[in-house]
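Protein chains in written order, with full-length UniProt numbering: chain A, 1 to 109; chain B, 1 to 109. Even for Gly, the Cβ is constructed at its ideal location relative to N, Cα and C. From a predicted model like this one, the values you see are computed outputs, not experimental measurements.
2 protein chains.
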Amino acid sequence: MGLTRTEIFTDEQNKLAVLLKAMAHPARIAILQYIMASKTCINGDLVEELGLAQATISQHLKELKTAGLIQGTIEGVSVCYCIHPENWNLLKETIGTFLKGYIVSNECC
Amino acid sequence: MGLTRTEIFTDEQNKLAVLLKAMAHPARIAILQYIMASKTCINGDLVEELGLAQATISQHLKELKTAGLIQGTIEGVSVCYCIHPENWNLLKETIGTFLKGYIVSNECC
DNA sequence: ATTATTTATTGCAATGTTACGATAAACATT
DNA sequence: AATGTTTATCGTAACATTGCAATAAATAAT
């Protein structure tokens with residue numbers, strides 16, 4: 001007990017939950033916003049910008065990368081991060097479809 | 001250590017994180033989808049539908065209600081839950097704006 | 001070669017999440 | 001009044017998350 005019972009949900013429900021969870025932290029939202037604004041960035045930029053420890057930023061970047069929201073390529077001594085274009089569009093679509101599922105109705109409480 | 005440093009983020013970043021977190025669980029996604037499809041529902045419907053314990057469903061409903069995504073009104077012995085129309089539209093807008101922040105660019109890694 | 005720069009990983013402490021059984025509370029039915 | 005129905009809350013066990021210091025690893029500069 002105490003661990004999510006993923007087996008009783010559909011793949012789509014589990015996948016959407018993983019994506020939302022990856023974004024569900026102010027630091028990761030801030031990181032995504034920073035990357036969106038500056039197109040690319042490195043870990044050090046974010047450490048300065050956000051004021052979190054280097055290890056913490058690195059951990060958040062890893063989570064975003066694991067979820068497929070960003071990608072990182074080694075550039076000499078540093079790693080260049082940016083939004084993962086294809087996955088971001090997929091994300092947009094998946095969340096969009098989910099949110100559109102509600103149509104205002106008067107059958108409400 | 002170990003607790004999110006909300007004070008270093010903007011209100012908007014923190015609020016969006018709270019909303020995303022409220023949805024970032026397969027059970028809560030399933031609950032929202034069920035409510036969207038059936039317009040209204042009670043705790044008991046969801047216990048049958050999802051196969052989670054009554055206490056667990058109640059807890060998830062509470063989280064969704066606290067985040068403002070759903071509303072519940074007492075109807076005799078049971079509680080009728082439905083999507084919170086205004087907040088759902090706000091959510092749509094907030095997430096939409098966030099996701100639109102990325103414009104595909106060739107300045108990538 | 002040595003030193004500097006940059007990021008990832010490890011280890012840890014504090015806190016949060018998830019799930020469920022048991023129980024309480026509140027109304028409906030008999 | 002006693003019983004049934006429905007939901008919320010409490011307590012608890014098992015993980016999971018967050019954040020940081022310390023350290024490792026890998027390239028760049030001197």
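Query                                                                                                                                                                         : Result
Could you pull out every residue in the same chain whose Cβ sits closer than 7 Å to the Cβ of residue 80 of chain B, ignoring the five residues on either side in sequence?   : 40, 42, 72 and 73
Measure from the alpha carbon of residue 76 of chain A to the alpha carbon of each residue in B:109, B:64 and B:51, then state which is nearest.                              : B:109
Could you give the C-beta distance for residue 31 of chain A and residue 64 of chain A, rounded to a whole number, given that I count them as a contact under 8 Å?            : 7 Å
At the level of alpha carbons, what is the spacing between residue 7 of chain A and residue 49 of chain B?                                                                    : 14 Å
Where do the N-terminal and C-terminal ends of the beta strand (DSSP E) with residue 78 of chain A fall, by residue?                                                          : 78-83
Below 8 Å CB to CB, which residues in the same chain sit around residue 22 of chain A once its five sequence neighbours on both sides are set aside?                          : 28, 63, 64, 66, 67 and 69
Would you mind reading off the limits of the beta strand (DSSP E) that contains residue 72 of chain A?                                                                        : 70-75
Please classify residue 13 of chain A as buried or exposed, where buried requires at least 16 neighbouring CB atoms within 10 angstroms.                                      : buried
In the DSSP assignment, find the alpha helix (DSSP H) that holds residue 34 of chain B and state where it starts and stops.                                                   : 26-38
Can you name the residues of chain A whose CB is closer than 7 Å to the CB of residue 65 of chain B?                                                                          : Residues of chain A passing the Cβ test: none, with the nearest at roughly 12 Å.
Would a C-beta distance cut-off of 8 Å place residue 25 of chain A and residue 4 of chain B closer than the cut-off?                                                          : yes
Residue 39 of chain A touches chain B at which residues, Cβ-Cβ below 8 Å?                                                                                                     : 105, 107 and 108
How about residue 34 of chain A: is its C-beta nearer than 8 Å to some C-beta of chain B?                                                                                     : no
Near residue 57 of chain A, what residues of its chain come up, given a Cβ to Cβ distance below 6 Å and the 5 sequence neighbours on each side ignored?                       : 43, 46 and 47
What are the boundary residues of the alpha helix (DSSP H) that residue 18 of chain B is part of?                                                                             : 11-23
To be precise: take each residue of the segment 66-83 of chain B, compare its Cβ to all Cβ atoms of chain A, and keep it if any distance is under 8 Å. Which residues remain? : 71, 72, 73, 75, 80, 81, 82 and 83
Let me check understanding here. Comparing Cα to Cα, which of B:102, B:90 and B:93 lies closest to residue 87 of chain A?                                                     : B:102
Between B:54, B:78, B:19 and B:104, which has its C-alpha nearest residue 99 of chain A's C-alpha?                                                                            : B:19
Rounded to the nearest angstrom, what separates residue 84 of chain B and residue 38 of chain B at their Cα positions?                                                        : 14 Å
List, in chain order, every chain B residue whose beta-carbon is nearer than 8 Å to that of residue 14 of chain A.                                                            : 26
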